[in-house]
Amino acid sequence: MINLPATPKQPLSLIYLDANATTQVLPQAAAAALSTMETLFGNPSSGHVTGLQAKQIIDETRQQAQTIIGAGNGKVIFTSGATEGIQTAILSALQHAKTTLDSSKKYCLLYGATEHKAVPESLKHWNKILEINAEIKAIPVNELGQLDINFIAKEVPDALMICTMAVNNETGVYQDINLLDQTIRANNKNTAWMVDCVQALGKTDLNLAKTSIDYAPFSGHKLYAPKGVGFMYIKETSPFTPFIAGGGQESGLRSGTENLPGLAALNVIFSMLNKATKNTFTALKTLHLFRQQIATALTQAFPEIVFNHSFENSVPTTINFTIPGFSSKEIMDLFDAANIRVSSGAACSSKVTGSFVLDAMGLPNWQSESAIRMSFGPAMTQPQIDEACTRIVFAAQALKQSCLTVNTSITADKTELEGLLQFKVGGSCSWLYVDKRTKSAIFIDPLPELTGRLQTLLTCQGLNLVAVIDTHGHGDHLSCRAQLTDDLAQQQTDMLGWPVHSKTTVIHGQHYPYILLGDKWLVKVNTPGHTTDSTSLLLCDPIKDSTDELVVHYTFCGDLILMDSLGRTNFSCSSAAAMFSSLQLLKALVGTESLICPSHDYNNEFTTSISAEISRNSLLAHVMNNEINIEDFSVQKTLMDTDIVDQSGRKIMCGDLIGDCKKASVREYNSHSLAEALKQPNNIKFIDLRESYEYTLQHDKNFENNVPLTQLVEFMHQHKHNKQQQLILVCRSGGRSQLAAQTLLRLGFENVGHLKGGYALHQY
Ligand code: PLP
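Position in the sequence shown (first residue = 1) + 1294 = my numbering.
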């Protein structure tokens, strides 16, 4: 077991576990690069001594590369990196194939389904540019990530080229090169074979001349050399077309003045690989022990962890895993706060949700969407691994304190919840309201993805769930009410979870049912329109007298009013006319300033109010100001609702954006202006918007208020009478703080700024 360190007083040192994306340049390599810039800076093509010295560096580097990859009589040329090597290989193969095409035959281009995107994209590109028009086919992989050999045997006879990879960048899974070699050549002697060896260098033994591989691209920055330098292997008999023509460098195979600093650095790395300098790189056997040690720490920290690949057929420097119940973004934020750098899937495709590599291996969506990759290089040391393991367990501790994982041993330190919390899954929202005094809670519009998290939270916080209520029957997701309401089994409720024997109160002469939550009431109002069963739930102060003005804190209106939108009314159970009346009723009951908490937030705007919506939603403004009649509203609304789908055309959207969701421009602080602001701290509230587990791990001492985004709406409610207060927001990268600032400004907070670039770009 790893013993936990106390909360650190010093800033945490960096633990870099993203080597498959890129590596730091080792000091010896950086020194060599520097000396070629300052001293040995000659142009290798120059005939004078300075030029000859430069050329010597290149020759030496090439020789070393040839030895490392077992190039035999094959050529090694230097490139800008692997993407260029991939282009060169594909261009060479297809340009040659073009001269041999038989117009009566059908051809294909094969690539492994888990290949780096550079491969299929380049195949598509050159297939089109060279007008080859072959069919491009992905070779499937099995659940272990291994290429389907039968598929290759069947398809390769028609293949002009086949592209596979030695080691996968997301999972570290390696392929059986000998088996591939036999299969390919038994079925097609002439097809061009490229093997992307980027992630294999320094992690597996290579002997390329002993195979029938035609082309193999490599990259420097994946193994401690700088970005912008790489090399490629070309079999001596394989066709070649220069990708870059010009001054004839690299024997005319790749023109352009050589990247001498990069090559000098690469030369040093090659020396280390060739064991000229012992001890820099750790032996493979030890790297296996390192991975096992990290896996053990991860399992101790997150007992539910699922590893997404087998350790049997992957290089020891990569671990890909998913922690059930946590998105990759949450785990990345957590680790970032603990100063551990990891990646979600492939760095180059970090915008894509889900990993196509894990999808291709047939892993379930939840596993693929929430995958985290940890990777290190052969320069990793035992003390670094020890520190990484300690830090992983330390980071998990913060989740436990935030009641996001079950932990019976932590009771004293946990952060006690109070007020309103907003949970989001994609564009959908669930709302939890906690009354701290009575330890009771209600959960509104429960999303199934949140079941586990909510159960953990309730147990950890010792909360009693008074009711779980849907505002309406949702068209796009199931409610998880049934799973959460075991404890409420005796309570009789209607279809949406509202207790049937609730009391009623009179507001504006009408009877409305309500339930108690601490010293608040939750009043139910029927607001049909989006669906017949749509309701709005008003969290308000108790009504002592029927003539009292209703003091509403939050309005949970389902899909009646959404941010910059109204709920769609083109379901069979919708009615635009009913929506018209519901909107007017809601305004009469809650006024224009109560915070609206809808069941969707497609555009990261968190909350709104009727007055904020009126200012940008003219149709709503017309309804609220009695400037449109019910018939005209119905006609306009019906027209707007035709064919609502999201951009990907698949998911149901519950409301269409009316405006362009233009966001307010926020005052941006940089290190300098923040330092100025910090000189008058009394007038300013400095707010850290990260989740409490990130905040606990590390924060700047000036940002003494922690308002996690999940509690932004509660913060806005608490501060609604002090909208002039100057606020400066911070988060990890400036993304969350910008969104929050925009919402605050939209809802009338006058003095809001954020630290552009967040903690990532500013160290204090
Ligand atoms: N192939 C693989 C397997 C990779 O991991 C990468 C980099 O992410 C590349 C190709 C592209 O390499 P480069 O950045 O040198 O162009």
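C-beta atoms are modelled at their ideal positions from N, C-alpha and C, and glycine is treated no differently.
Note that this is a predicted model, so its numbers are computed, not measured.
Within 7 Å, strictly: CB atoms of residue i and residue j
| i | j | result |
| --- | --- | --- |
| I1528 | F1537 | no |
| I1430 | L1438 | no |
| L1772 | P1742 | yes |
| G1756 | K1733 | yes |
| V1760 | G1791 | no |
| I1890 | C1851 | yes |
| A1692 | Y1987 | yes |
| G1812 | E2008 | no |
| S1928 | A1871 | yes |
| K1881 | M1934 | no |
| V1413 | I1380 | yes |
| A1558 | A1348 | no |
| E1415 | M1459 | no |
| W1815 | P1793 | no |
Status (buried if at least 16 other CB within 10 Å, exposed otherwise) for residue i
| i | result |
| --- | --- |
| D1470 | exposed |
| Y2053 | buried |
| N1436 | exposed |
| L1840 | According to the sequence shown, residue 1840 is Ser rather than Leu. Flag for S1840 reads exposed. |
| E2059 | Not covered by the structure: residue 2059. The range shown for the chain is 1295 to 2058. |
| N1314 | buried |
| N1911 | buried |
| L1991 | buried |
| L1914 | buried |
| T1531 | exposed |
| K1623 | exposed |
| N1553 | buried |
| V2046 | buried |
| H2048 | buried |
| L2041 | buried |
| Q1676 | exposed |
| Q2057 | exposed |
| D1396 | exposed |
| E1887 | exposed |
| G1341 | exposed |
Residue i, DSSP secondary structure in three states
| i | result |
| --- | --- |
| A1300 | With a pLDDT of 46 at A1300, under the threshold of 50, the modelled position of that residue is not reliable, and the figure given next carries that caveat. Of the three classes helix, strand and coil, the one that applies to A1300 here is coil, per DSSP. |
| H1419 | helix |
| D1935 | coil |
| T1458 | strand |
| C1851 | strand |
| G1514 | coil |
| H1966 | helix |
| Y2053 | helix |
| W1792 | coil |
| G1648 | coil |
| Q1716 | strand |
| A1315 | coil |
| L1879 | helix |
| I1380 | helix |
| G1366 | coil |
Per DSSP, cross-strand counterpart(s) of residue i
| i | result |
| --- | --- |
| V2001 | Bridge partners of V2001: none, in fact. |
| N1820 | T1829 |
| C1834 | W1815 and V1846 |
| F1534 | Answer is none; F1534 lacks a bridge partner. |
| C2067 | Because the chain spans 1295 through 2058 in this model, residue 2067 falls outside it and cannot be assessed. |
| L1403 | I1430 and M1455 |
| G1524 | T1373 and S1513 |
| W1487 | I1456 |
| T1699 | DSSP output for T1699 lists no bridge partner at all. |
| M1668 | I1613 |
| F1737 | L1726 and V1762 |
| Y1468 | V1461 |
| P1807 | T1798 |
| E1601 | Note that residue 1601 is Phe in the sequence shown, not Glu. Paired residues: F1615. |
| Y1987 | For Y1987, which the question treats as bridged, DSSP gives no partner whatsoever. |
| Q2019 | None; Q2019 has no bridge partner. |
Rounded distance between the beta-carbons of residue j and residue i, thought under 8 Å
| i | j | result |
| --- | --- | --- |
| C1948 | D1770 | 6 Å |
| Y1468 | V1651 | About 14 Å separates the two Cβ atoms, so there is no contact after all. |
| L1517 | L1495 | 5 Å |
| G1406 | L1454 | That pair is no contact at about 16 Å. |
Residue-level contact to chain D via CB, residue i, 7 Å cutoff
| i | result |
| --- | --- |
| T1458 | Considering every chain present, this structure includes no chain D. It has just one protein chain. |
Any non-hydrogen atom of the ligand SAH closer than 6 Å to residue i Cβ
| i | result |
| --- | --- |
| N1463 | As far as ligands go, the structure on display features the ligand PLP and does not contain the ligand SAH. |
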